[in-house]
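Step one of this worksheet: look at the structure below.
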Amino acid sequence: MQKFVVPTNSRDSQLSNGALVRRILFVPVTIERRAGVGLGLSIAGGLSSVPYKDNDRGIFVSKLVENGLAAQSGLQLNDKILSVRILSLMI
């Protein structure tokens, strides 16, 4: 079983001084991996890669297989993966 934590439902809000604030909801997602079946996702980004989104060097979901394990678990395209099991991917 692999556990992913991803921020979802991020929203930008503008403060009275004009500054933008991004609100992020952190959602733990569990994917139970089955023998011989892929997770149904591709990832992009990381320290030695071109940033996938803006200047963020994090790990992002770049592709999802429709009805695959990742999609069924609630992962969405462009979600940022913050940890796998207990290994932090935050930089």
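In the UniProt record's numbering, the protein residues as written are 1 to 91. Where is the CB? At the ideal position from N, CA and C, for every residue including glycine.
#### Entry: Distance between L25 and T8 (C-alpha atoms, nearest Å)
Any reading at T8 is ruled out, since the residue's pLDDT is 49, under 50, leaving its predicted position unreliable.
### Query
Counting only runs that start and end within the UniProt domain "PDZ" (28-91), where is the beta strand (DSSP E) found for 3 or more residues in a row?
If you keep only unbroken beta strand (DSSP E) runs of at least 3 residues inside the UniProt domain "PDZ" (28-91), you get 41-45, 59-64.
### Query
Going along the chain, which residues of its own chain have a beta-carbon closer than 7 angstroms to the beta-carbon of N78, five neighbours each way excluded?
So the list reads K53, F60, V61, once near-sequence residues are dropped.
### Message
For A71 and S42, I'd like the C-alpha separation in whole angstroms.
### Response
Taking the straight line joining both Cα atoms gives about 11 angstroms.
### Assigned exposure category for L47 - 16 Cβ within 10 Å defines buried
Exposed, by the Cβ-count rule.
### Query
Taking Cβ positions, are G45 and G68 nearer each other than 8 angstroms?
Cβ distance not < 8 angstroms, so G45 and G68 don't count as in contact.
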